[in-house]
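**Q** So in the working numbering, the last one in the sequence shown is 182, and the numbering has no gaps at all. Idealized CB from N, CA, C, for every residue including glycine. All values reported here derive from a predicted model rather than from experimental measurement.
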Amino acid sequence: LDDVGLGDSIALNGACMTAVLLDRANNQFAIDISAESLAKTSGLNDRGTVNLEKALRANDRLGGHIVSGHVDGIGNVTHFAEVGESWELRIAAPQGLSKYMAYKGSITVNGVSLTVNKVHDFDDNSGCEISINIIPHTIENTSLASLSAGSAVNLEIDTVARYVERMLSVSQGGSQFL
């Protein structure tokens with residue numbers, strides 16, 4: 005926390021929060037959390053391990069995709085198993101997010117930038133299931149190892165996809181105010 009200041013953004017399991025109190029001696033910080041954040045995310049009011057990430061600076065290296073910390077929805081883990089030297093994670097994504105899921109596209113799961121390997125749309129249009137391969141380094145350095153079938157996870161779609169959809173909507177006469 006040496007370079008974190010009051011008012012700085014810190015993502016907890018992918019949800020952007022603001023540091024409102026810093027205790028550097030104990031390497032701790034406090035946040036205010038809104039009812040909206042609690043309603044739209046998973047795992048923020050539970051005890052246990054979380055992924056923490058400081059905000060990206062403009063001069064930092066970008067090792068994945070742009071992650072804003074604005075959770076778009078909650079997915080449910082349907083399968084998580086070791087396969088050879090990596091792990092396969094499958095997540096059921098809600099209907100509202102399924103259109104953003106693309107083969108080799110980016111998705112953020114609990115704040116971790118990952119690549120979608122497969123997309124299976126549900127026949128009843130209720131959403132889709134995505135499959136993600138997770139390498140040992142990611143398992144060892146994030147809280148993803150604690151997931152199991154039935155776990156709820158925070159999902160954030162790719163920022164570029166969000167803007168492309170908005171531009172297409174407006175250019176096709178869609179709502180000017182979303």
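On the CB-based measure, 16 or more other CB atoms within 10 Å of its CB, does D7 come out buried or exposed?
**A** Exposed, because fewer than 16 other Cβ atoms sit within 10 Å of the Cβ of D7.
**Q** Between D12 and the rest of its own chain, which residues show a CB-CB distance below 6 Å, the 5 nearest in sequence each way excluded?
**A** A23, listed in sequence order.
**Q** Suppose the cutoff is 6 Å on Cβ atoms and the five residues either side in sequence are ignored; what does the same chain contact list for S155 look like?
**A** Correct list, in chain order: V81.
**Q** Pull the bridge partners of N63 from the DSSP assignment, please.
**A** For N63, which the question treats as bridged, DSSP gives no partner whatsoever.
**Q** Since G68 contacts S110 with CB under 8 Å, what's their CB separation in whole angstroms?
**A** Indeed they touch by this definition, with Cβ atoms about 7 Å apart.
**Q** Report the CB separation of V157 from I95 in whole angstroms; it is logged as a contact under 8 Å.
**A** The pair is a contact, with the Cβ atoms about 6 Å apart (cut-off 8 Å).
**Q** Along the alpha helix (DSSP H) that carries R94, what are the first and last residues, could you check?
**A** Run containing R94: none in the alpha helix (DSSP H); it sits in the beta strand (DSSP E), 90-98.
**Q** Could you name the residues that DSSP lists as bridge partners for T112?
**A** Bridge partners of T112: S117, E160.
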